[in-house]
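Sequential numbering of the sequence shown, starting at 32, is according to the working numbering.
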Amino acid sequence: MAQITIYLDDELIQKVKQASAEAKVSQSQWIADLIRQQSHTDWPLAVREMAGSWQVFPQQDELRAEQGDDIPRESL
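As C-alpha cells, this is what we get:
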C-alpha cells in the first residue's frame, strides 16, 4: 500500500483527529474513506432518483408518429 504526505493547518488537523475518533477509525482510514466517497464513479443518489420523473417527456409512440411505418425486414 502506498503512502502519501499531506500538509494541514492546526485547525484542520484537529478536525481530522476529532472526526476519526468519533468514527472509531484511524486518521489514515478516515481520510481514505473520505477520498473514496468523493471519488466514486456512480451517479449521485439525487440524480438517480430523478430517473423517470419527467412526466412531460413524450412517449415512444409520440416520438415516432411522424416517422412513418417501418419497412418489413428481408428474410435471411
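Here a beta-carbon is modelled for each residue, glycine too, at the ideal position from N, C-alpha and C. Here the structure is a predicted model, which is why all the values come from computation and not from measurement.
Subject >> Collapsed DSSP secondary structure at R67 in the structure displayed >> reply: Of the three classes helix, strand and coil, the one that applies to R67 here is helix, per DSSP.
Original post:
If you follow the alpha helix (DSSP H) that A54 is part of, which residue opens it and which one closes it?
Top reply: D41 to A54
Subject >> Whole-number beta carbon distance between S70 and W61, since they are thought to touch under 8 Å >> reply: Not quite, the Cβ-Cβ distance comes to about 15 Å (not below 8 Å), so this is no contact.
Original post:
Do you know offhand how far L94's Cα is from R67's?
Top reply: 41 Å
Subject >> Distance between Q91 and E97 (C-alpha atoms, nearest Å) >> reply: 11 Å
Original post:
How about K48 and Q58: are their beta carbons less than 8 Å apart?
Top reply: Yes, Cβ-Cβ distance for K48 and Q58 is below 8 Å.
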